[in-house]
Amino acid sequence: MLCLSDSIRHDDPCVQQLLSTIEEAQTLAQLILAVWPLARVLALHIVEYVLAERAQRPSAWPPCPTCGVPLRSKGFAQRQLMALFGPIRWRRRVGRCPHGCAIPQVAPFDEALGVQPHQRTSGALQCLGCAFAVFVPFATAARLLGWYCGSLVSPRAVWCWVQAAGRHAMALLQEELEAVARGDAPPPETLAAELAAWPLALGADGVMVPFRPTGGAPTGNIRWRDIKVGVLARLGQHRTRLGHVVTRLQHRRLVAVLGDIEALSPRLWSEAVRQGIVHAPHVVWLSDGGRGLWRLFEERFAGHARGMLDFYHAVQQLWKGAAAWLDGRTTQARRWCGWARHRLRHGMPDGVLADLADA
Ligand SMILES: [Zn+2]
């Protein structure tokens, strides 16, 4: 640390204030908070150093999109981009058409870096902003990002990143659905051997989700809409501190769509293939008694999975059946359901479960 601080002191006097703040810090919390701005400055210096060095290398100039003549360098120009640890600046060659065609200036170095012409923030910062925006409002996400990167981030910027990420994700999904329609399955996700050996469980259901009545505006009464959800997980075994072995859902994946079961079907199938439905040692389809979901099971999954009615829906269906059978006499129905519940817990032939599914 002493060597590092000495070399920093000599190389860059502007960080001396940051170093003295670190030396004055008493508690661990103060120390960590004091180190963070220095870590940001050091990261910026390293990145800017590497960029400056690479920008000196010769550029390969593409042809002008209008006249086809190779573009020509007009010298170095500055570029800035907000990254996770603050604004990065670098100078790189920019080129124009020697014939004066009306095209925007071209920077091959930016292209090699994967930086888009009008991009002002790094992909990593945008990713973090989108992740925050899943859980908190845009203004809060912008504030959190500002704390993290040490600069101001506007809520509007976070909103735009989320929109762009959403459009990108929908385009990828569309490609995937078209591939499923052609019969092309996505490649399975790479799993650790232990995970791959566990049974795969999947199921689907419909849930009501509150929506804003008009997109982009927070006003108006909530509108509840039906979302179809599919869940996929590996049934892992976990030993508790008391030595009991319990089942835990591992490697959980979720598929959801604002639409009907027909819309869910290719999405869930695609994810099931990615999660290894074709090669998993055991596959279980768990669902309530809804006819549509069992039709989905028959059409897509029956060749690979064993269908099971989930316990709580089985009991619910039993109750309905018993109450109807006993002509509304709920005391007898309760007694009968208690017996049936016991049988369900302690094993019941498959045929009964299948009958319940039809109930
Ligand atoms: Zn030209």
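When you line the sequence shown up against our numbering, it's residues 97 to 455, in that order. For each residue, glycine too, the CB sits at the ideal point set by N, CA and C.
Beta carbon of residue i, beta carbon of residue j: below 8 Å?
| i | j | result |
| --- | --- | --- |
| S250 | A265 | no |
| L298 | W381 | yes |
| P295 | R370 | no |
| R330 | L268 | no |
| A151 | R187 | yes |
| A229 | V258 | yes |
| P204 | A156 | yes |
| G191 | K170 | yes |
| L167 | P158 | yes |
| D406 | S383 | yes |
| A130 | I142 | no |
| A300 | L354 | no |
| C57 | I199 | Given a span of 97 to 455 for the chain in the structure shown, any question on residue 57 remains unanswerable. |
Closer than 7 Å to a non-hydrogen atom of ligand 1 - does that hold for the CB of residue i?
| i | result |
| --- | --- |
| V165 | yes |
| T162 | yes |
| C223 | no |
| C245 | no |
| H195 | yes |
Measure the C-alpha to C-alpha separation of residue i and residue j and round it to an integer number of angstroms.
| i | j | result |
| --- | --- | --- |
| A148 | F172 | 11 Å |
| T162 | Q201 | 13 Å |
| P314 | L180 | 30 Å |
| H347 | G372 | 12 Å |
| L127 | S116 | 11 Å |
| L345 | P213 | 44 Å |
| R387 | G246 | 54 Å |
| G164 | F231 | 49 Å |
| P377 | T286 | 16 Å |
| A277 | Y145 | 49 Å |
| L134 | Q122 | 17 Å |
| G210 | A261 | 16 Å |
| R189 | A208 | 12 Å |
| A359 | R349 | 17 Å |
| A125 | V137 | 19 Å |
Give me, in chain order, the residues of the same chain whose beta-carbon lies closer than 8 Å to that of residue i; leave out the 5 immediate sequence neighbours on both sides.
| i | result |
| --- | --- |
| L224 | L180, L241, Y244 |
| T511 | Nothing about residue 511 can be read from this structure; the chain reaches only from 97 to 455. |
| V341 | Q333, H334, R335 |
| R391 | I357 |
What does a CB cutoff of less than 6 Å around residue i pick up in its chain, not counting 5 residues either side in sequence?
| i | result |
| --- | --- |
| T217 | M178 |
| F397 | W381 |
| P68 | Residue 68 lies beyond the residue range present for the chain, which begins at 97 and ends at 455; the question has no answer from this structure. |
| V351 | G326, R363, L364, E367 |
| A379 | This sequence places Val at residue 379; Ala is not what is there. The residues are L296, I373, H400, A401. |
| W255 | F234 |
| Q113 | none |
Leaving aside the five residues before and after residue i along the sequence, list all residues of the same chain whose C-beta is less than 7 Å from its C-beta, in chain order.
| i | result |
| --- | --- |
| V303 | I323, V325 |
| L98 | Unreliable placement is indicated for L98, whose pLDDT of 45 sits below 50; the coordinate value is still reported in the next sentence. Result list for L98: empty, nothing under 7 Å. |
| R308 | P314, G316 |
| P306 | I318, W320 |
| Q215 | L177 |
Inside the region 274 to 325 only - beta strand (DSSP E) runs reaching at least 3 residues: 296 to 307
Length at least 3, wholly inside the region 340 to 400: the beta strand (DSSP E) runs in chain order: 341 to 353, 379 to 383
Return the chain-ordered ranges of every alpha helix (DSSP H) run that is complete within the region 196 to 267 and spans a minimum of 4 residues. 204 to 209, 219 to 231, 234 to 245
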